[in-house]
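Read through the structure below, which is laid out as C-alpha cells, and then see the notes.
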Amino acid sequence: MMFRVAGLSVSYGGVAAVQDISLHVEAGSIAAVIGPNGAGKTTLLNAAMGVLPSTGTIEFDGTSIHAMDIETRVAAGISLVPELRNLFSTMSVADNLRLGAYRLRREGSAAAARAMDEIFETFPPLQRRKEQLAGTLSGGERQMLAMGRALMARPKLLMLDEPSLGLAPLIVRDLFAIVSQLRATGVGILLVEQNARAALRIADYAYVLETGRITLEGTDLADDPRIVEKYLGQKESKSLGGAPPPKPRHP
Amino acid sequence: MDASILLILVQDGLVNGAIYALLALSLVLVFTVTRVLFIPQGELVAFAALTYSTLAEGHVPASIFLLAGLGATACLRGLWDARATRNKYGKILFGTLGPPAVVVPLTLWLAPRHPGLAVSALLAVATVAPMAPALYRIAFAPLASASILTLLIAAVSVRFAMVGIGLVIFGPEGTRGIGFSDAFFTVGPLTIPGQAIWIWIVTFALMLALAIFFGRTLIGRALRATAINRLGAQLVGIPAEGAGRLAFTLAGAIGAISGVLVAPLTTIYYDTGFLIGLKGFVAAIAGGLVGYPAAVIAALAVGIVESVSSFWASAYKEVIVFTAVLPVLLVRSLLGPPSEHDE
Numbered sequence: 003m004m005f006r007v008a009g010l011s012v013s014y015g016g017v018a019a020v021q022d023i024s025l026h027v028e029a030g031s032i033a034a035v036i037g038p039n040g041a042g043k044t045t046l047l048n049a050a051m052g053v054l055p056s057t058g059t060i061e062f063d064g065t066s067i068h069a070m071d072i073e074t075r076v077a078a079g080i081s082l083v084p085e086l087r088n089l090f091s092t093m094s095v096a097d098n099l100r101l102g103a104y105r106l107r108r109e110g111s112a113a114a115a116r117a118m119d120e121i122f123e124t125f126p127p128l129q130r131r132k133e134q135l136a137g138t139l140s141g142g143e144r145q146m147l148a149m150g151r152a153l154m155a156r157p158k159l160l161m162l163d164e165p166s167l168g169l170a171p172l173i174v175r176d177l178f179a180i181v182s183q184l185r186a187t188g189v190g191i192l193l194v195e196q197n198a199r200a201a202l203r204i205a206d207y208a209y210v211l212e213t214g215r216i217t218l219e220g221t222d223l224a225d226d227p228r229i230v231e232k233y234l235g236q237k238e239s240k241s242l243g244g245a246p247p248p249k250p251r252h253p
Numbered sequence: 009m010d011a012s013i014l015l016i017l018v019q020d021g022l023v024n025g026a027i028y029a030l031l032a033l034s035l036v037l038v039f040t041v042t043r044v045l046f047i048p049q050g051e052l053v054a055f056a057a058l059t060y061s062t063l064a065e066g067h068v069p070a071s072i073f074l075l076a077g078l079g080a081t082a083c084l085r086g087l088w089d090a091r092a093t094r095n096k097y098g099k100i101l102f103g104t105l106g107p108p109a110v111v112v113p114l115t116l117w118l119a120p121r122h123p124g125l126a127v128s129a130l131l132a133v134a135t136v137a138p139m140a141p142a143l144y145r146i147a148f149a150p151l152a153s154a155s156i157l158t159l160l161i162a163a164v165s166v167r168f169a170m171v172g173i174g175l176v177i178f179g180p181e182g183t184r185g186i187g188f189s190d191a192f193f194t195v196g197p198l199t200i201p202g203q204a205i206w207i208w209i210v211t212f213a214l215m216l217a218l219a220i221f222f223g224r225t226l227i228g229r230a231l232r233a234t235a236i237n238r239l240g241a242q243l244v245g246i247p248a249e250g251a252g253r254l255a256f257t258l259a260g261a262i263g264a265i266s267g268v269l270v271a272p273l274t275t276i277y278y279d280t281g282f283l284i285g286l287k288g289f290v291a292a293i294a295g296g297l298v299g300y301p302a303a304v305i306a307a308l309a310v311g312i313v314e315s316v317s318s319f320w321a322s323a324y325k326e327v328i329v330f331t332a333v334l335p336v337l338l339v340r341s342l343l344g345p346p347s348e349h350d351e
C-alpha cells in the first residue's frame with residue numbers, strides 16, 4: 003500500500019471539518035474522493051500534504067509522514083495541485099515549471115530542461131506560452147501549468163484538488179485523459195472532485211465524502227444506485243459506460 | 009536659489025538617495041518574502057557604520073560580542089525547534105555559530121594591528137550582516153504564521169532592544185568614519201567627492217548583482233516565488249523558513265554595506281539608524297512594498313527632497329520628507345488596493 007490515511011481528523015477551532023477518515027491509494031491507480039461542496043474534500047488534501055495540522059495516521063511508502071512539514075513531504079515524492087492553483091503569477095510559464103523541479107535542483111538545469119520538454123509534450127499549449135507570465139493564462143492553461151509544475155518534481159503520489167473547477171467540459175475531458183495516462187506511468191493519484199461523473203469515469207476506487215465523513219466507498223460506485231441518484235442524476239447516467247460524453251456546443 | 013546650487017543639492021540628494029534605495033530594496037525583499045516590516049534595518053546600518061569606524065581606529069568593536077550573543081541565542085532557538093526532527097542539527101550549528109566563530113577571533117587579532125580601510129569595511133560587514141538571519145531565527149521565524157501586525161510589533165520590539173544594546177556597546181558619542189577616498193572631481197559647476205562615486209558604484213553593483221540573482225538563478229527565483237505565493241512555493245518544496253533566512257541574510261548584508269558607505273558622510277550615533285531606516289521605509293512604501301524599480305526611484309526622490317528641504321528649511325527637513333509620502337499614499341490608495349497575488 004503506497005499511501006494510507008487512517009483515523010484522520012481535522013478541526014478548525016474545535017469544529018471538526020473532517021472526522022475519522024481512512025483511505026488508501028495504490029501506485030499506478032486513481033483513487034477519487036467525491037462529494038458536495040463543503041464536505042471537507044480540500045481540508046482532507048491539505049491535511050494529507052501538511053498544509054493543515056491533523057490527528058491520525060498518514061503513511062507513505064510504509065513510513066509515517068505525519069510529523070513532516072510540506073517541503074519534506076514534497077521531497078518524499080508527494081505533490082499537491084491545490085484548488086486555487088497557487089501559481090507564481092508574475093513569473094513566466096517556464097520559470098513556474100523550473101521551480102516545480104526545485105526539489106531535484108541538484109540534478110542540474112539540463113535535467114530540468116529535459117523534464118520541461120516532457121511537460122510541453124503532455125501540455126502543448128504551455129510551450130506556446132513559455133515566456134508569458136503565468137497570470138495571463140486562461141483557466142485551462144493555468145490548470146495545465148499547475149499540473150505541469152507538480153509533475154516537474156516527478157512525484158510518486160499526485161494529489162489533485164478539483165482540477166475541473168471552472169473549466170469547460172472539453173478541457174476537463176482532455177485533462178482527465180492525461181490524468182489516466184499518468185496512472186500508466188506508475189504514479190498513484192488521489193483525485194478530489196465535485197464533478198463526480200468525470201472523476202468516477204477514470205477512478206479505480208472511489209470514496210464519497212459527506213459532511214466530513216466517508217459514507218461510501220468501492221470500485222463500482224458509478225453503478226451504485228445511491229450514487230447515480232444523488233451525484234450523477236437519472237438522465238445523464240445513461241451516458242456512462244462506453245458512450246462518449248455529451249459534446250459541448252462551444253468550448 | 010540658482011541652478012548651480014540646485015545641482016549641488018541634487019547631487020547630494022542622489023548620494024543619500026542611493027543609500028535609501030539600497031535600504032528600500034532590502035525592506036521590500038524582506039517584506040515580500042516574510043511579511044515582516046524590518047524596522048531594525050536602520051540599527052544594522054548604524055551598527056555597521058560604528059563597527060567600521062571603531063575598527064579603522066584600531067579598536068575592537070564590541071559589536072562582535074553582540075554577534076556572538078545573537079548567534080548563540082539563535083542556535084538554542086534553532087535546536088529547540090528542531091528537537092522533533094533531529095536531522096538538521098549540523099546545519100543549525102554551522103549557520104548560527106559559524107559567523108561568530110570566524111568573525112570574533114579574526115577581529116580580536118586584526119583590530120589592534122590597524123587593519124586598512126578595506127579590511128575594516130569587510131570585517132564590519134561580516135560582523136553585522138549575520139545579525140539579521142540570527143534575529144530572524146530568534147524573533148520572526150517562530151511567528152511565521154502570525155498576522156502582519158504581530159510581526160510589526162515584534163520588529164518594533166527588536167528595534168528597541170537593538171537601540172538599547174547599541175548604547176551599551178558603542179556609548180553615547182558619535183563617530184564619523186574615514187572615507188575610502190578623499191579625492192574630488194570637478195564636473196562643470198559640481199565638485200564630486202570620491203566617497204560619492206564610491207557610493208554610486210557600490211550601489212549600482214549591488215543592484216546589478218541582485219537583478220542577476222533574482223532573474224537568472226534558481227535560488228533567486230525561489231525567493232521571488234515565495235514572495236509571490238508562499239503556499240505555492242512550499243508546494244514545490246521551497247522551505248518557507250529557509251527563504252525567510254536567505255531574505256534576512258541579504259537584507260543584513262545590504263544594510264551592513266550601506267552602513268559602511270554612509271559612515272564617512274555624517275556623524276553616526278548608536279540611534280542614528282532609525283531616521284536612515286525610516287527614509288528607506290518611506291521609499292519602500294511609496295513603491296507599494298512590492299516593486300523594486302518603484303522603490304529605487306522613490307528612494308532617489310526622497311534623497312533629493314531631503315537635501316533641497318535641508319537647504320531651504322533645515323529645521324523642517326525630516327517633517328518635509330515624511331509629509332511628502334502622504335500624497336503618494338493617497339494616490340496609491342485611490343488607485344486601488346494592492347493585489348493579493350493569490351488568484
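Residue numbers (our numbering), protein chains in the order written: chain A, 3 to 253; chain B, 9 to 351.
Ideal Cβ positions, reconstructed from N, Cα and C, are used throughout, including at glycine.
Just so you know, these numbers come straight off a predicted model, no measurement behind them.
Establish whether the CB of Q49/B and some CB of chain A are separated by less than 7 Å.
no
Going by beta carbon distance, what residues of the same chain come within less than 7 Å of G228/B, once the five residues before and after it are set aside?
F221, F222
Would A307/B and A109/B be called neighbours here (beta carbons separated by less than 7 Å)?
no
If we define contact as Cβ-Cβ less than 7 Å, is T92/A a contact residue for chain B?
yes
G58/A and R75/A closer than 7 Å at C-beta
no
Kindly indicate if chain A contains any beta-carbon less than 7 Å away from that of V244/B.
yes
Bridge partner(s) assigned by DSSP for R215/A:
E212/A
Just the chain B side, please: which residues come within less than 7 Å of A155/A by C-beta, in chain order?
V244, G245
Following the continuous alpha helix (DSSP H) through R156/A, name the residue where it begins and the one where it ends.
Where R156/A is concerned, there is no enclosing alpha helix (DSSP H), given that its DSSP letter is neither H nor E.
Helix, strand or coil for F289/B? Go by DSSP, reduced to three states.
helix
Leaving aside the five residues before and after C83/B along the sequence, list all residues of the same chain whose C-beta is less than 8 Å from its C-beta, in chain order.
I100, L101, T104, L105
Whole angstroms is fine: what's the gap from A29/A's alpha carbon to D225/A's?
24 Å
Going by Cα to Cα distance, which pick from T92/A, R151/A, R108/A is closest to I121/A?
R151/A
Among residues of its own chain, excluding the 5 on either side of V44/B, which ones have a beta-carbon nearer than 7 Å to its beta-carbon?
V38, F148, L159, A163
From what residue to what residue does the alpha helix (DSSP H) around I36/A run?
Counting along the chain, I36/A falls outside any alpha helix (DSSP H), though it belongs to the beta strand (DSSP E) covering 32-36.
If distances are taken between C-alpha atoms only, which option among Y14/A, D63/A, N39/A comes closest to A49/A?
Y14/A
Going by the DSSP bridge assignment, what does I191/A pair with across the sheet?
I32/A, L160/A
In chain B, which residues lie less than 9 Å from F55/A when you measure between Cβ atoms?
Checking the sequence shown, residue 55/A turns out to be Pro, not Phe. Within 9 Å Cβ-Cβ: nothing; P55/A doesn't reach chain B, min ~11 Å.
Return the chain-ordered ranges of every alpha helix (DSSP H) run that is complete within the stretch 81-113 of chain A and spans a minimum of 4 residues.
95-102
Going by C-alpha to C-alpha distance, which of R340/B, S12/B, A309/B, A57/B sits closest to I328/B?
A309/B
Within a Cβ cutoff of 6 Å, which residues of the same chain sit near F178/A, ignoring the five residues on either side of it in sequence?
A200, I204
For N88/A, does the count of other Cβ atoms within 10 angstroms reach 16, so buried, or fall short, so exposed?
buried
Residue(s) in a DSSP beta bridge with G220/A
A208/A
What residues of chain B sit near Y104/A, judged by a beta carbon separation below 8 Å?
L226, A230, V244, G245, I246
Since T45/A is in the beta strand (DSSP E), which residue starts that stretch and which ends it?
Counting along the chain, T45/A falls outside any beta strand (DSSP E), though it belongs to the alpha helix (DSSP H) covering 43-51.
Could you pull out every unbroken beta strand (DSSP E) segment of at least 3 residues lying fully inside the stretch 54-79 of chain A, listed in chain order?
57-62
For a quick check, are the C-beta atoms of V174/A and Q134/A less than 7 Å apart?
no
When the Cβ atoms of the stretch 50-61 of chain B are set against those of the stretch 256-276 of chain B, are three or more pairs found closer than 8 Å?
yes
Taking the CB atoms as reference points, tell me whether P141/B and R253/B lie closer together than 7 Å.
yes
I need the straight-line Cα distance from A70/B to I177/B, nearest angstrom please.
5 Å
Touching by the beta-carbon criterion (3+ pairs, under 8 Å), the stretch 156-172 of chain A and the stretch 187-196 of chain A:
yes
Within the same chain, show all residues whose beta-carbon is closer than 8 Å to that of G137/A, passing over the 5 residues directly before and after it, in chain order.
L89, S91, T92
CA nearest to the CA of L143/B, picked from A217/B, S322/B, F256/B, L239/B:
F256/B
Same chain only: Cβ atoms within 7 Å of V41/B, ignoring 5 sequence neighbours per side:
L231, T234, A235, A251, G252, A255
State the CB to CB distance for the pair L162/A and E143/A, rounded to an integer number of angstroms; the pair is presumed to be in contact (CB under 8 Å).
The pair is not a contact, with the Cβ atoms about 16 Å apart (cut-off 8 Å).
Measure from the C-beta of E73/A to each C-beta in chain B and report whether the shortest distance is under 7 Å.
yes
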